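Here the structure is laid out as C-alpha cells; the discussion comes afterwards.
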Amino acid sequence: MSEATSMAGRKIEAKQLNMRQIKTFISDLDPDAEPHIIDLVFDDPIPATAVAMATGLSLEELAGDFNQEEIRELLDKVKAVNSSFVGMMERIVKAGQLLDAN
Numbered sequence: 021m022s023e024a025t026s027m028a029g030r031k032i033e034a035k036q037l038n039m040r041q042i043k044t045f046i047s048d049l050d051p052d053a054e055p056h057i058i059d060l061v062f063d064d065p066i067p068a069t070a071v072a073m074a075t076g077l078s079l080e081e082l083a084g085d086f087n088q089e090e091i092r093e094l095l096d097k098v099k100a101v102n103s104s105f106v107g108m109m110e111r112i113v114k115a116g117q118l119l120d121a122n
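Mind the numbering: the sequence shown is residues 21 to 122 in the numbering used here, read in order.
This is how it looks when you write it as C-alpha cells:
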C-alpha cells in the first residue's frame, strides 16, 4: 500500500511501514533527542523519523528545500497509508500526557 506525491519536481512514494520498521522506530525513541524541524512546524501525530522511514528520504532531505505545503501533503499521504501506526502514536502521546499530569 502506498501513495505518491510530487515534491520539488521529485516523485516521492509514501509506503506503509512494516512491523520491523515500527519495532525499530519504537526501540529508537529517545525522549532527550532534539525535535526535527518538521516536528516543530507541524502539529502532527506522525514524527519526521517515521516519515523518513516511510518515504526513503533522509531527515536532512526532509529539512531541505521542500515547502510547507509539500511537507503537509507528504504527511497526509504517510498518515493515509499508516493509520494503525498513527493510532499507536496518538496512544503513546496520550499516555505521556497522562503521566505528565500526575
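For each residue, glycine too, the CB sits at the ideal point set by N, CA and C.
Treat the numbers as computed from the prediction; the structure is a model and nothing was measured.
Out of the options, point me to the one whose CA is closest to residue i's CA.
| i | options | result |
| --- | --- | --- |
| L37 | D120, V71, K31 | V71 |
| A74 | I112, N122, L118, V106 | V106 |
| I66 | D96, L118, G116, K114 | D96 |
| I91 | L60, F45, P51, M39 | L60 |
What does DSSP give as the partner residues of residue i in its beta bridges?
| i | result |
| --- | --- |
| E23 | A34 |
Taking the alpha helix (DSSP H) that residue i belongs to, which residues open and close that run?
| i | result |
| --- | --- |
| G116 | 103-121 |
| L82 | 79-82 |
Where does residue i land, buried or exposed, given buried means 16+ other C-beta within 10 angstroms?
| i | result |
| --- | --- |
| T69 | buried |
| M27 | buried |
| V98 | buried |
Please tell me whether residue i has its Cβ less than 8 angstroms away from any Cβ of chain B.
| i | result |
| --- | --- |
| P67 | Included in the structure is just one protein chain, with no chain B present. |
**Asked** Whole beta strand (DSSP E) runs in the stretch 30-73 with 3 or more residues, listed along the chain?
**Response** 30-35
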